[in-house]
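Please read the structure below before turning to the comments.
4 protein chains.
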Amino acid sequence: MAKKFRGIYAALLTPFAGDEIAADKFRDNILKFNEYDLTGYVVLGSTGECVSLSDEESERLVRTAREAAAKGKAIIAGTARESTRLTVEFTNRMADLGVDAALVRPPSYFKSKMTHEALKKHYLAVADRSRVPVILYNIPQNTGITLEGKLILELAGHPNIMGLKESSGTIAFLGELSRRLPADFSYLLGHGSAFLPALLMGASGAILAVANAAPGLCVKTFRLFSEGRIEEAAALQLDLVPLNKAVMEIYGIPGLKYALDRQGWYGGPVRPPLLPLEENGKAEIDAQLRKLGLIG
Amino acid sequence: MAKKFRGIYAALLTPFAGDEIAADKFRDNILKFNEYDLTGYVVLGSTGECVSLSDEESERLVRTAREAAAKGKAIIAGTARESTRLTVEFTNRMADLGVDAALVRPPSYFKSKMTHEALKKHYLAVADRSRVPVILYNIPQNTGITLEGKLILELAGHPNIMGLKESSGTIAFLGELSRRLPADFSYLLGHGSAFLPALLMGASGAILAVANAAPGLCVKTFRLFSEGRIEEAAALQLDLVPLNKAVMEIYGIPGLKYALDRQGWYGGPVRPPLLPLEENGKAEIDAQLRKLGLIG
Amino acid sequence: MAKKFRGIYAALLTPFAGDEIAADKFRDNILKFNEYDLTGYVVLGSTGECVSLSDEESERLVRTAREAAAKGKAIIAGTARESTRLTVEFTNRMADLGVDAALVRPPSYFKSKMTHEALKKHYLAVADRSRVPVILYNIPQNTGITLEGKLILELAGHPNIMGLKESSGTIAFLGELSRRLPADFSYLLGHGSAFLPALLMGASGAILAVANAAPGLCVKTFRLFSEGRIEEAAALQLDLVPLNKAVMEIYGIPGLKYALDRQGWYGGPVRPPLLPLEENGKAEIDAQLRKLGLIG
Amino acid sequence: MAKKFRGIYAALLTPFAGDEIAADKFRDNILKFNEYDLTGYVVLGSTGECVSLSDEESERLVRTAREAAAKGKAIIAGTARESTRLTVEFTNRMADLGVDAALVRPPSYFKSKMTHEALKKHYLAVADRSRVPVILYNIPQNTGITLEGKLILELAGHPNIMGLKESSGTIAFLGELSRRLPADFSYLLGHGSAFLPALLMGASGAILAVANAAPGLCVKTFRLFSEGRIEEAAALQLDLVPLNKAVMEIYGIPGLKYALDRQGWYGGPVRPPLLPLEENGKAEIDAQLRKLGLIG
Numbered sequence: 024m025a026k027k028f029r030g031i032y033a034a035l036l037t038p039f040a041g042d043e044i045a046a047d048k049f050r051d052n053i054l055k056f057n058e059y060d061l062t063g064y065v066v067l068g069s070t071g072e073c074v075s076l077s078d079e080e081s082e083r084l085v086r087t088a089r090e091a092a093a094k095g096k097a098i099i100a101g102t103a104r105e106s107t108r109l110t111v112e113f114t115n116r117m118a119d120l121g122v123d124a125a126l127v128r129p130p131s132y133f134k135s136k137m138t139h140e141a142l143k144k145h146y147l148a149v150a151d152r153s154r155v156p157v158i159l160y161n162i163p164q165n166t167g168i169t170l171e172g173k174l175i176l177e178l179a180g181h182p183n184i185m186g187l188k189e190s191s192g193t194i195a196f197l198g199e200l201s202r203r204l205p206a207d208f209s210y211l212l213g214h215g216s217a218f219l220p221a222l223l224m225g226a227s228g229a230i231l232a233v234a235n236a237a238p239g240l241c242v243k244t245f246r247l248f249s250e251g252r253i254e255e256a257a258a259l260q261l262d263l264v265p266l267n268k269a270v271m272e273i274y275g276i277p278g279l280k281y282a283l284d285r286q287g288w289y290g291g292p293v294r295p296p297l298l299p300l301e302e303n304g305k306a307e308i309d310a311q312l313r314k315l316g317l318i319g
Numbered sequence: 024m025a026k027k028f029r030g031i032y033a034a035l036l037t038p039f040a041g042d043e044i045a046a047d048k049f050r051d052n053i054l055k056f057n058e059y060d061l062t063g064y065v066v067l068g069s070t071g072e073c074v075s076l077s078d079e080e081s082e083r084l085v086r087t088a089r090e091a092a093a094k095g096k097a098i099i100a101g102t103a104r105e106s107t108r109l110t111v112e113f114t115n116r117m118a119d120l121g122v123d124a125a126l127v128r129p130p131s132y133f134k135s136k137m138t139h140e141a142l143k144k145h146y147l148a149v150a151d152r153s154r155v156p157v158i159l160y161n162i163p164q165n166t167g168i169t170l171e172g173k174l175i176l177e178l179a180g181h182p183n184i185m186g187l188k189e190s191s192g193t194i195a196f197l198g199e200l201s202r203r204l205p206a207d208f209s210y211l212l213g214h215g216s217a218f219l220p221a222l223l224m225g226a227s228g229a230i231l232a233v234a235n236a237a238p239g240l241c242v243k244t245f246r247l248f249s250e251g252r253i254e255e256a257a258a259l260q261l262d263l264v265p266l267n268k269a270v271m272e273i274y275g276i277p278g279l280k281y282a283l284d285r286q287g288w289y290g291g292p293v294r295p296p297l298l299p300l301e302e303n304g305k306a307e308i309d310a311q312l313r314k315l316g317l318i319g
Numbered sequence: 024m025a026k027k028f029r030g031i032y033a034a035l036l037t038p039f040a041g042d043e044i045a046a047d048k049f050r051d052n053i054l055k056f057n058e059y060d061l062t063g064y065v066v067l068g069s070t071g072e073c074v075s076l077s078d079e080e081s082e083r084l085v086r087t088a089r090e091a092a093a094k095g096k097a098i099i100a101g102t103a104r105e106s107t108r109l110t111v112e113f114t115n116r117m118a119d120l121g122v123d124a125a126l127v128r129p130p131s132y133f134k135s136k137m138t139h140e141a142l143k144k145h146y147l148a149v150a151d152r153s154r155v156p157v158i159l160y161n162i163p164q165n166t167g168i169t170l171e172g173k174l175i176l177e178l179a180g181h182p183n184i185m186g187l188k189e190s191s192g193t194i195a196f197l198g199e200l201s202r203r204l205p206a207d208f209s210y211l212l213g214h215g216s217a218f219l220p221a222l223l224m225g226a227s228g229a230i231l232a233v234a235n236a237a238p239g240l241c242v243k244t245f246r247l248f249s250e251g252r253i254e255e256a257a258a259l260q261l262d263l264v265p266l267n268k269a270v271m272e273i274y275g276i277p278g279l280k281y282a283l284d285r286q287g288w289y290g291g292p293v294r295p296p297l298l299p300l301e302e303n304g305k306a307e308i309d310a311q312l313r314k315l316g317l318i319g
Numbered sequence: 024m025a026k027k028f029r030g031i032y033a034a035l036l037t038p039f040a041g042d043e044i045a046a047d048k049f050r051d052n053i054l055k056f057n058e059y060d061l062t063g064y065v066v067l068g069s070t071g072e073c074v075s076l077s078d079e080e081s082e083r084l085v086r087t088a089r090e091a092a093a094k095g096k097a098i099i100a101g102t103a104r105e106s107t108r109l110t111v112e113f114t115n116r117m118a119d120l121g122v123d124a125a126l127v128r129p130p131s132y133f134k135s136k137m138t139h140e141a142l143k144k145h146y147l148a149v150a151d152r153s154r155v156p157v158i159l160y161n162i163p164q165n166t167g168i169t170l171e172g173k174l175i176l177e178l179a180g181h182p183n184i185m186g187l188k189e190s191s192g193t194i195a196f197l198g199e200l201s202r203r204l205p206a207d208f209s210y211l212l213g214h215g216s217a218f219l220p221a222l223l224m225g226a227s228g229a230i231l232a233v234a235n236a237a238p239g240l241c242v243k244t245f246r247l248f249s250e251g252r253i254e255e256a257a258a259l260q261l262d263l264v265p266l267n268k269a270v271m272e273i274y275g276i277p278g279l280k281y282a283l284d285r286q287g288w289y290g291g292p293v294r295p296p297l298l299p300l301e302e303n304g305k306a307e308i309d310a311q312l313r314k315l316g317l318i319g
């Protein structure tokens, strides 16, 4: 059995015009991304400011992505809500729009009560009732909840739980799991500075925010790895680290949007409470893009 | 200028029948709470499993509370969403239903970007546009975000930011702020095991989940304090601690709901991902209720 | 059975001249503290930069304190080391110098292995072999280890474990324990901004760093509380908060030393890695001391 | 300029007989390790229970290691103390015994005061005065202190600061630093489950506790990597993960000692407060050793 989810997925940004979503810009961006050898797109991920959107806005983005994505490109939608009921409802609403899988981060508000058992019941209930495959999502830096290895191994036995997006980027954690997960379960790294090491340790691909800004570089790193040219791939991975750090960690989503604007794509503003990028951030991101040959 | 928010508010539970909200049970509970000397009610707070509800369910609960609450009882609604825009929209939707104030916890998903400046802009924008007074809400155990003293002092200057619910229960933090806040700003403790010490250090009242289970005891503690009978109040506070710990910390919301069921009110089930109460929890809560003379 | 440890203890600073300990200055300070109604002194506590000292320096400080302390003043020494063996050895070395009790924080380097069982065995072994009473010490902000209520209750049953210094300052935690601890077990708060609320909730006293800078104020707060004049005591407690925050939290030990220098006592420099106080810190501490009438 | 520290170093265990150090067993272990292609040994590291030892015991272990180590094997000693003064003194005491470098974790007791500036001054002072090269040591899981990339880059400019042992195992962090550090600065990973990915991303070697239990496997992984046989190396790395997790994370030092006992070397007991290994741990470690062909 092959892994269902392989290669590089871009975790798409949500374009705004003012404080309204700009579906046309979203479509234009996707049309450009279609030219790269990306496996697919994540809509309504953290990079997409999903938590800042209404259900109606979310629906509109997914429709747009489904229409704009080139044939064969997978659409994965972030569909988590804080209760099991709302998560199932929203997941199936997205399934009806044609997404290929649902990316589901854990409920996190009642932190101290999100025990192994609570998380397990939640995910099993979602997987039982979801009309599309479920991909688990570990992003403790945002949720304050860590999906433990034991839980992931147990959940991976469910026929409708097909993968994990792991955004803490802990390579040792991957090493502990990669040989113990089912053969068709996909481990996708969600960290742009460590996906090549992850591929080496058994990941089948990556879901990357930085792929918005440097899709070609991400895709080429994956291809070199697939061809066994690991040292060349490692050099590209190291090339990518400073840009990834700048647009993800230091400046965040407004930085990433700026990196798109600079390359002739549409980044635009973020929705508050996120703050706009400051001037010094622009200079640093310019420098990183220039070093990678992405702008002149 | 007097404090607007004083005395004891019950942070109401949300009753469910199966997985549906039970508005009739909610009304019945409120009618019983009306018999106590509570200042008012918080609807859609953490205790109310607010994050597990749809907007429509939330609206229905607020309508019910507004209708059932005795004359003069304040209704405060939890109205936070993750973006500024959605928070403003939902706050004013609740304002239109007649709530007296909005309790607004900070956005928390983009944790590392919720800087002093981001939180300040968010709260000021919400306060500017909200048609009801805003009460800040510090509950780091659930959000992973701490509202710093400096931020609270700055926000307290806004004419529509009228109070703080502080649920970490840190008395030293209150001591740092209580003399520096505006005279009409209300500091309300959100911790049932330390509200008497908080009153002593300058809080004007408390918003308590445990007031669902022991409204009389909470109200009496406040009254004794108001009469200067502080040592008697402290003894009652210590009486309340074991029940508060059992229903809040150890067993959580399902434990609190059970404590209502045992007293002839309606607690009922929780909505997943919260888990139901286990048998040993029932025995311990029974013991605590019995010790307080709340059940026979 | 009465509590053995009651009232206010000063957690003494360690004076340095250059990078050498200044035992003469230490003696002079104690002679001045003897004029206040303090119950006793803690030597080699966190405030005393205990971890920065050699065993020989530590021994010299304890000798000096024993000689300089007025008759009837208790000397409590911080004696923790990272292994059980070294803790017992050093505790008894201090016992031989005449200390009245040993204040023992938990081992903390092997954090993930300091389970309930490991900590329990450690403390029981130390208590069994110590020739002086042991006082547990909870200071998670420095150790990264929290002594849980259950552990404290179990250890409190040992005849040679006579108290707890609790420096997180969590009043709810005290509320959970105060009625369940043995009658002769002393709960001593180690937080200068919340000791009055702690007394109200059952603490028998406090070990305070701020008592170096404002011994009179600390002692008076305790006396007012003991006389049932609780609201007056609360007002003094609130008076003390800004100085306590300045010298403990914001500026730390160099700030506290400066506050002594300003009052004609000896503070002097800190030992690196602690940094000296910056100029703006001096101005703020001056302002706090002036507001309390401690300097002209 | 070549990296001074390359290849695999074993972070040696400290053997005890009862609660006394067993220098003879320590020597015997080293004589056996000499047969492997390890670059050298770390004495008085975390794995060596350094914080549980007296200065005299520490000295005796270093003397023994110096004598027993085969010609050309480097000896690195852990020499950190909580103050700058004590660290310098102990470092030079070890230098006098002939160690090749000092491994220095940051002071950690005064956590909130260990700012960039405080840590920088501390390390510069130690490096200025140490008679042997200093290796920085990042182990936040034990110290609660993280050495930030910016600090490491600044310190790396000091001629006597020659390397970093990085035990959090965060590969993205390595990626950020590896091209920006001086050519002769050595980055050594201190995590047995991720050292191969680290080598790929620019580390020059590793200091491994698991090398006590499986020196041959560690050394072979490094050799394969050096020969460009990266996929074979990755397979060995994955082979090693379960044993590393068992002896480091799940069971810790007592588990690692047991793994030595089972192979005919000397592990022996740990010193309290560490607890002895439980029976189920023995069975699991046996299983891991057997799977790797290390026991029959």
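Chains as they are written, first to last, in the working numbering: chain A, 24 to 319; chain B, 24 to 319; chain C, 24 to 319; chain D, 24 to 319.
Glycine included, every Cβ here is placed at the ideal spot set by N, Cα and C.
Quick caveat: nothing in here was measured; it's all calculated off a predicted structure.
Chain G residues whose Cβ lies nearer than 8 angstroms to that of residue i
i: H145 (chain C); result: Looking at the structure shown, chain G is missing, and the protein chains on hand are A, B, C and D.
Spatially closest choice to residue i from the options, by CA coordinates
i: A256 (chain C); options: C:N267, C:T244, C:E250, C:D262; result: C:T244
i: L358 (chain A); options: A:P38, A:K26, A:R29; result: Because chain A is modelled from 24 through 319, residue 358 (chain A) falls outside the range shown and cannot be assessed.
i: G71 (chain B); options: B:A234, B:F28, B:G180; result: B:A234
Buried versus exposed, by CB contacts within 10 Å (16 or more), residue i
i: R252 (chain C); result: exposed
i: L54 (chain B); result: exposed
i: P299 (chain B); result: exposed
i: R203 (chain A); result: exposed
i: D151 (chain B); result: exposed
i: P182 (chain A); result: exposed
Residue(s) in a DSSP beta bridge with residue i
i: L178 (chain B); result: Answer by DSSP bridge pairing: none, since L178 (chain B) is not bridged.
i: K268 (chain A); result: The partner list for K268 (chain A) (beta bridge, DSSP) is empty, contrary to what the question assumes.
i: G13 (chain C); result: In the structure as shown, chain C begins at 24 and stops at 319. Residue 13 (chain C) is therefore absent and cannot be evaluated.
i: V127 (chain C); result: C:L159
Run of the beta strand (DSSP E) containing residue i, from where it starts to where it stops
i: V157 (chain B); result: 157–161
i: I184 (chain A); result: 184–189
i: Y274 (chain A); result: Neither: Y274 (chain A) is in no beta strand (DSSP E) and is coded neither H nor E.
Opening and closing residue of the alpha helix (DSSP H) in which residue i lies
i: G304 (chain A); result: 302–314
i: V66 (chain D); result: Segment 63–66 is the beta strand (DSSP E) holding V66 (chain D); no alpha helix (DSSP H) there.
i: V111 (chain C); result: 107–119
i: V85 (chain C); result: 78–91
If the cut-off is 8 angstroms on Cβ atoms, which residues from the stretch 260–291 of chain A count as contacting chain D, listed in chain order? Q260, L261, V264, P265, K268
Against chain D: residues of the stretch 175–207 of chain C by CB proximity under 8 angstroms: none
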